[in-house]
Ligand SMILES: Nc1ncnc2c1ncn2[C@@H]1O[C@H](COP(=O)(O)OP(=O)(O)O[C@H]2O[C@H](CO)[C@@H](O)[C@H](O)[C@H]2O)[C@@H](O)[C@H]1O
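In UniProt numbering, the protein residues as written are 1 to 487.
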């Protein structure tokens, strides 16, 4: 055990296990969180590290690595070799370890392959084997989302790991309960041997469900906002009863944002840097840049959407809601979308580009730099999500002086106050519906065109709200501390 007891704090060693970590690999908010939280935990005096798969991304080739371990594991009847490499310079503010497994993890993309189940089981086997061979034990293994959801079970119950890892506390954080990684029992042989009477710890509805297993087996379960934690007891893609049953070990901790990466004063991706004093000219310049790139009118309010084009984000409602808003408000606002996802939604948005030339445009794809420019150059950011565990976009929007237009749900409920309420700074809608979105667009246009003073005051206020990681990083540390053996 590496725990060193100083006068004030007992230093903990935390190993985060995740499929994503910015800037090595990011598909969404999970990458942002795992790329930031460990840095802040280190700043608080602890030793936080990240281990993730070695995809073939730009970051891999642009940095220097050293080999720290080589090993092997059985995945069913297949024996695979793995190696673990570590980034040499600690440039991210934490040690980043990558697990390489030839034929499984050596791919360009993170997800979306037919053999994702096998890929991530192999990754989890390698991680357990590697950590189990350390000279000491970490104080916590912190797993993120279903790709790492079998680790709490494996650590405690697999013959191969339980003697080394059975007493190491595991924390499981749910960034998105919709995706659970379930697969059929016909693939049971990929898992390491365990006492078969424990099969129920893997099962949910006659399938092996990594997310359900993690909720059952992790020592503590967290999700990324208190409201989402409550909602999961009623709506969790089939796991509601499990959340109700396990509520005693569940806790909601709101995400923070990396204020070094997301800072309009220093952001290298945007056309002009600005602070609260220079917000109006700063945002105008960034909006002009966007308007020029996308053929829009910089005089009109710019309403944008950034994110995965999936039902959970209510992206399927965007084509109708935007068309209706353009007609209903006689083209008084411009719309811009950055996202990728379901082909049908991508296709519809693409088709709208010509129909609403000068009023609407879309960039279908993933573009990190452009997302920063959108946060900086937009006046409003739309998030009509059906489900939103925390949401980071609205927090970035606030920091860049962009008014969030959000559904009153999950983390959006916890972080945005409607401008109609005392001290408010956003626009909230109750339902994910075309009507609610169009109505909220109307409120946004009215605020922008007729309530300029209020709009300016809101902007100043929201940019100074502290959504940094300090508070939340401390809450996670309290969780870990509560799991340590009593001295
Ligand atoms: N096409 C694109 N181009 C560039 N950047 C893009 C992009 N599409 C998305 N992004 C970026 O990806 C991130 C999305 O983060 P969110 O937290 O809003 O959603 P996500 O659903 O991925 O995360 C899940 O996990 C996070 C983290 O816990 C929770 O906040 C959230 O509610 C939950 O659904 C932001 O940084 C955004 O800018």
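Cβ coordinates follow ideal geometry from the N, Cα and C atoms, glycine included.
_What does the alpha-carbon distance come out to for the pair residue 346 and residue 362?_
Roughly 9 Å separates the two Cα atoms.
_Taking the straight line between their C-alpha atoms, what separation do you get for residue 53 and residue 257?_
Straight-line Cα distance between these residues: approximately 23 Å.
*CA-to-CA distance, residue 56 to residue 187, given in whole angstroms*: Roughly 27 Å separates the two Cα atoms.
*Going by the beta-carbon positions, is the gap between residue 337 and residue 317 smaller than 8 Å?*
It is not a contact, given that the beta carbons lie outside the stated cut-off.
*How many angstroms separate the CA atom of residue 341 from the CA atom of residue 485?*
The straight-line gap from Cα to Cα measures roughly 45 Å.
_Please classify residue 394 as buried or exposed, where buried requires at least 16 other C-beta atoms within 10 Å of its C-beta._
When all chains shown are included, residue 394 counts as buried.
*CB of residue 375 within 8 Å of CB of residue 359, strictly*: No.
*For my contact list, residue 438 and residue 324 are in at a C-beta cut-off of 8 Å; report their separation, rounded to the angstrom.*
Taking the Cβ atoms as the reference, residue 438 lies roughly 5 Å from residue 324, within the contact range of under 8 Å.
_Once DSSP output is grouped into helix, strand and coil, what is the label at residue 448?_
Of the three classes helix, strand and coil, the one that applies to residue 448 here is helix, per DSSP.
*asked:* Helix, strand or coil, according to DSSP, for residue 418 in the structure here?
replied: Residue state, collapsed to three classes: strand.
*Ignore the nearest five residues each way along the sequence and tell me which others in residue 180's own chain have a CB closer than 6 Å to its CB.*
Cβ contact annotation for residue 180 (same chain, cutoff 6 Å, sequence separation greater than five): 146, 209 and 211, in chain order.
*Do you know whose CA, among 422, 428, 309 and 47, lies nearest residue 348's CA?*
Comparing Cα positions, the closest option is 309.
*Can you find at least 3 beta carbon pairs, one from the segment 378 to 386 and one from the segment 402 to 420, that sit closer than 8 Å?*
Counting C-beta pairs closer than 8 Å gives three or more between the segment 378 to 386 and the segment 402 to 420, which meets the contact rule.
*Any chance the CB of residue 32 is under 7 Å from a heavy atom of ligand 1?*
Flag set: Cβ of residue 32 near ligand 1.
*Taking 7 Å as the line, does the beta carbon of residue 392 fall inside it for any heavy atom of ligand 1?*
Residue 392: yes, Cβ under 7 Å from ligand 1.
*Output the boundary residues of the beta strand (DSSP E) element that contains residue 53.*
In the DSSP assignment, residue 53 falls within the unbroken beta strand (DSSP E) covering 47 to 53.
*Can you tell me which of the three DSSP states residue 19 falls into?*
The answer is coil: DSSP assigns residue 19 none of H, G, I, E or B.
*Looking at the structure shown, is residue 217 part of a helix, part of a strand, or coil, going by DSSP?*
Three-state result, residue 217: helix.
*Nearest candidate by alpha-carbon position, reference residue 300, set 246, 445, 473 and 264*: The residue from 246, 445, 473 and 264 with its alpha-carbon nearest to that of residue 300 is 445.
*Sorry if obvious, but does the Cβ on residue 175 come closer than 7 Å to a heavy atom of ligand 1?*
For ligand 1, a non-hydrogen atom lies closer than 7 Å to the CB of residue 175.
*Whole alpha helix (DSSP H) runs in the segment 373 to 417 with 4 or more residues, listed along the chain?*
For the segment 373 to 417, whole alpha helix (DSSP H) runs of length 4 or above, ordered along the chain, are 393 to 399 and 410 to 415.
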